[in-house]
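S.K.:
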Amino acid sequence: MGSSIDLIFKIAGVGILVAVLNAILKHAGKEEQGHLVTLAGLAIVFMWVIQLLANLFDQVKSVFKLF
Amino acid sequence: MDIMQIVAIGLIATVLIVVVKSQRPELGVLLSLVAGIIIFLLVLGKIGSIMDVIMDLTARAEINMVYLGTILKIIGIAYIAEFGAQISRDAGESAVATKIEFAAKIMIMVLAVPMIVAVLQMLLKLVP
């Protein structure tokens, strides 16, 4: 279970990092790169979350015998 | 004590979601999704052991296992659909949430039809 609790901190870290980078890039007048950073952060987090979601669905399937 | 762990995860996740959501709402949604999944996974093991006990009791009472399997599937569908619908509703997409719930109701109805037919057949046998 330890690794999945790490995921909460990882996602919060990505969120804060993206917010800071966005603010810096906006200040430097590079808003389109800020959008790209946002998109990249979202994609990375999505990869992690989808793996966890697949794990959850597998476990629910095996517990409730939904095949 | 698992409950302490779950409450701690919930509180930490809540604080982090409040911090992240003000800057990046989409990551806030993913964060609440992950917190929900982790708590669900922690509880799922317990649900599994409860289900084992119920199955044991059913086998001892000599009730047909098919009916219990259907009930288990219905409970599983209800849990997972409720989970998805709540996340969607939390993110402000209550239209999607309502559609998830609608789909779950249809799936449950499909599973329940054989049981309804069995009850009706039993009634027909009783009525001369």
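Here the protein sequences come in this chain order: A and B. Each residue of the first sequence is one higher than the last, beginning at 5 in this note's numbering. Each residue of the second sequence is one higher than the last, beginning at 10 in this note's numbering. For each residue, glycine too, the CB sits at the ideal point set by N, CA and C. These numbers were taken from a predicted model, which means no experiment stands behind them.
1) Going by DSSP in three states, A:K34 sits in which element: helix, strand or coil?
2) If you draw a straight line from the alpha carbon of A:L25 to that of A:A16, how long is it in whole angstroms?
3) Who are the near neighbours of B:A121 in its chain, counting only those whose CB is closer than 8 Å to its CB and skipping five residues on each side?
4) Within this structure, are the beta carbons of A:Q14 and B:L81 separated by less than 7 Å?
5) B:I109 and B:G93: beta carbons closer than 7 Å?
6) Between which two residues does the alpha helix (DSSP H) holding B:A70 run?
7) Counting only the same chain and skipping the five closest in sequence on each side, list residues whose C-beta sits under 7 Å from that of A:V18.
8) Going by Cα to Cα distance, which pick from B:A17, B:E35 and B:E71 is closest to B:E102?
9) Just to confirm before moving on: does the CB-CB distance between A:Q63 and B:L53 stay below 7 Å?
10) Within 7 Å (strictly less), CB to CB, does A:F71 reach chain B?
M.R.: Result, derived from the coordinates:
1) Within the first sequence, the letter at position 30 stands for residue 34 of chain A. A:K34 falls in the coil class under three-state DSSP.
2) Along the first sequence, one-based indexing puts residue 25 of chain A at 21. Along the first sequence, one-based indexing puts residue 16 of chain A at 12. So the alpha carbons of these two residues sit roughly 14 Å apart.
3) To locate residue 121 of chain B, count along the second sequence from 1; it is residue 112. T79 and I83.
4) Sequence index remark: in the first sequence, residue 14 of chain A carries index 10 (1-based). Sequence index remark: in the second sequence, residue 81 of chain B carries index 72 (1-based). The sequence given here has Lys at residue 14 of chain A, not Gln. No, the pair does not count as a contact, with Cβ atoms beyond the cut-off.
5) Numbered from its first residue, the second sequence carries residue 109 of chain B at position 100. Numbered from its first residue, the second sequence carries residue 93 of chain B at position 84. Yes; because the gap between Cβ atoms is below 7 Å, this pair is in contact.
6) Position 61 of the second sequence, counted from the start, is the residue given in the question as residue 70 of chain B. Unbroken alpha helix (DSSP H) run through B:A70: P34 to A70.
7) Position 14 of the first sequence holds residue 18 of chain A. Same-chain partners within the cutoff: G45, I48 and V49.
8) The residue labelled residue 102 of chain B in the question sits at position 93 within the second sequence. Nearest of B:A17, B:E35 and B:E71 to B:E102, Cα basis: B:E35.
9) Here residue 63 of chain A corresponds to residue number 59 of the first sequence, with the count starting at 1. Here residue 53 of chain B corresponds to residue number 44 of the second sequence, with the count starting at 1. Yes, these two residues count as a Cβ contact at 7 Å.
10) Against the first sequence, residue 71 of chain A aligns to sequence position 67. No, A:F71 does not count as interfacial toward chain B.
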